[in-house]
Amino acid sequence: MARVGEFDIIRDYFAGAPTGDSVILGIGDDCALLQPPAGSVLATSVDTLVAGRHFPEAADPAKIASRALRVNLSDLAAMGAKPLWFTLALTLPTASRKWLQGFSRGLLETAREYGISLVGGDTTAGPLSITVQVTGCAQKPLRRDGASVGDAVYVSGPLGAAAAALRVVLGKEQVDSELSQAADAAFYWPEPQLALAESIAPLASAAIDISDGLLADLGHICRASGVSAEVELEALPVAPLARELAGTQARELAATGGDDYQLCFTVPAARVAELEQMDTGAVRIGTLVDAAGEPRVLARRHGQSWAPKHAGYQHF
Ligand code: ADP
Ligand code: MG
Numbered sequence: 000m001a002r003v004g005e006f007d008i009i010r011d012y013f014a015g016a017p018t019g020d021s022v023i024l025g026i027g028d029d030c031a032l033l034q035p036p037a038g039s040v041l042a043t044s045v046d047t048l049v050a051g052r053h054f055p056e057a058a059d060p061a062k063i064a065s066r067a068l069r070v071n072l073s074d075l076a077a078m079g080a081k082p083l084w085f086t087l088a089l090t091l092p093t094a095s096r097k098w099l100q101g102f103s104r105g106l107l108e109t110a111r112e113y114g115i116s117l118v119g120g121d122t123t124a125g126p127l128s129i130t131v132q133v134t135g136c137a138q139k140p141l142r143r144d145g146a147s148v149g150d151a152v153y154v155s156g157p158l159g160a161a162a163a164a165l166r167v168v169l170g171k172e173q174v175d176s177e178l179s180q181a182a183d184a185a186f187y188w189p190e191p192q193l194a195l196a197e198s199i200a201p202l203a204s205a206a207i208d209i210s211d212g213l214l215a216d217l218g219h220i221c222r223a224s225g226v227s228a229e230v231e232l233e234a235l236p237v238a239p240l241a242r243e244l245a246g247t248q249a250r251e252l253a254a255t256g257g258d259d260y261q262l263c264f265t266v267p268a269a270r271v272a273e274l275e276q277m278d279t280g281a282v283r284i285g286t287l288v289d290a291a292g293e294p295r296v297l298a299r300r301h302g303q304s305w306a307p308k309h310a311g312y313q314h315f
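If you count by numbering that gives the first Met the number 0, then the sequence shown holds residues 0 to 315, one letter each, in order.
Given below as structure tokens:
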């Protein structure tokens, strides 16, 4: 196979990416030149995915790319921001054309789907790792610290699918091909909740995306806002795939499992009726209460206080 250099990679796989009106100059110069929409606040976030830690090294590159961009888009959704631009820092052990073709296809398809432009990046040799930085603009940013006592707590949709899928995705559990495809989709194609975020932004007081597990992530809202949350486990929408793969453990996975990238958000009591009329598919799971000096999530199941056996994922 012909040797592929850094500049060949950029030219052949990334430089042709379509860009929107907000891009004055994209890939190819020292910096991209970008024109933010007038009067908007920019929201920016970066995430690194490391082979062997966040995805199996041998995974299909198109899927890895899709997941890398989607998890970043989820952060924009959680902030109530509309996607504009992203950059890609790619570290590759070898420059395989087959891998790069798959990767750039998965990446640029996802970019097109969500209307975000690739405007730059960096390409280096080393252990496989993918860093995506996204920037968007927010009319009304959804911060974690905006929630108050009395607010209703919602999740945007079913939980537990990605956590239940993990054993299948990692090849630790064999299932039939239909279930295996569903597991793959749950893990590699999480749907960033951008449309929902846009519709709830005018009403919501705080939001976060569920990457580490509902109870752990809602805990971040509680600490940032200085409130506690009462959550009823029986109210959680459990993903059908979680039921199929995890059986009686499904509800616990919905409460604690990560990687679904649904949103958890809060709505002031006075605006709950408005939200309920909007038909967003969001499900109410609890209420914020006085923290009494110790902000935390108070989970209950069948009226009894309930604590997970495993807390949310932490790297260190
Ligand atoms: P510099 O030496 O100035 O950092 P590079 O040689 O790293 O420039 O990159 C050249 C151009 O290609 C820059 O515009 C950079 O943003 C872009 N680029 C490099 N790698 C990637 C990539 N993986 N994806 C998208 N754009 C990239
Ligand atoms: Mg560079």
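All C-beta atoms, glycine included, are put in the ideal place defined by N, C-alpha and C.
As the structure is a computational prediction, the values presented were derived from the model and not from experiment.
Strand pairing of residue i, partner residues [DSSP]
i       : result
Pro-136 : Residue 136 is actually Cys in this sequence, not Pro. In the DSSP output, where bridge partners are listed per residue, Cys-136 has Leu-41, Lys-81.
Thr-329 : In this structure the chain extends from 0 to 315, so residue 329 is not present and cannot be described.
Asp-28  : Ile-26
Glu-229 : Thr-286, Leu-297
Phe-54  : Ala-50
Residue i - containing beta strand (DSSP E), residue span
i       : result
Ser-147 : Taken as a continuous stretch (DSSP letters only), Ser-147 belongs to no beta strand (DSSP E), as it is neither H nor E.
Leu-287 : 282-289
Val-296 : 296-300
Ala-203 : Taken as a continuous stretch (DSSP letters only), Ala-203 belongs to no beta strand (DSSP E), as it is neither H nor E.
Thr-122 : 116-124
Ile-23  : 22-24
Val-266 : 262-266
Among the options, nearest to residue i - alpha-carbon criterion
i       : options                           : result
Tyr-153 : Val-49, Arg-283, Ala-291, Arg-299 : Arg-283
Val-288 : Leu-297, Ala-281, Gly-280         : Leu-297
Ala-50  : Pro-35, Ala-291, Ala-67           : Ala-67
Arg-27  : Leu-107, Gly-38, Ile-8, Glu-112   : The residue asked about is misnamed: residue 27 is Gly in this sequence, not Arg. Cα-wise, what sits closest to Gly-27 is Ile-8.
Phe-54  : Thr-134, His-219, Ala-161         : Ala-161
Ile-63  : Glu-112, Pro-191, Asp-183         : Asp-183
Glu-275 : Ser-224, Ser-155, Lys-139         : Ser-155
Element boundaries [alpha helix (DSSP H), containing residue i]
i       : result
Cys-221 : 213-224
Thr-109 : 96-113
Glu-172 : No alpha helix (DSSP H) holds Glu-172; DSSP gives it neither H nor E.
Gln-180 : 176-187
Val-271 : 271-276
Thr-255 : 249-255
Ala-245 : 239-245
Ile-8   : 5-8
Whole-number beta carbon distance between residue j and residue i, since they are thought to touch under 8 Å
i       : j       : result
Cys-136 : Leu-41  : 6 Å
Lys-189 : Arg-69  : Residue 189 is actually Pro in this sequence, not Lys. 5 Å between Cβ atoms; contact.
Asp-211 : Ala-77  : Contact flag wrong, Cβ pair sits at about 12 Å.
Thr-255 : Ala-151 : About 21 Å separates the two Cβ atoms, so there is no contact after all.
Gly-114 : Asp-59  : Not quite, the Cβ-Cβ distance comes to about 24 Å (not below 8 Å), so this is no contact.
Ser-128 : Leu-48  : 7 Å
Phe-13  : Leu-178 : The Cβ separation is near 35 Å, so there is no contact.
Give me every residue whose Cβ sits closer than 6 Å to any heavy atom of the ligand ADP, in chain order.
Selection around the ligand ADP by beta-carbon proximity, strictly under 6 Å to any non-hydrogen atom, yields Ile-9, Phe-13, Ile-26, Gly-27, Asp-28, Asp-29, Leu-87, Leu-89, Leu-117, Gly-119, Gly-120, Asp-121, Thr-122 in chain order.
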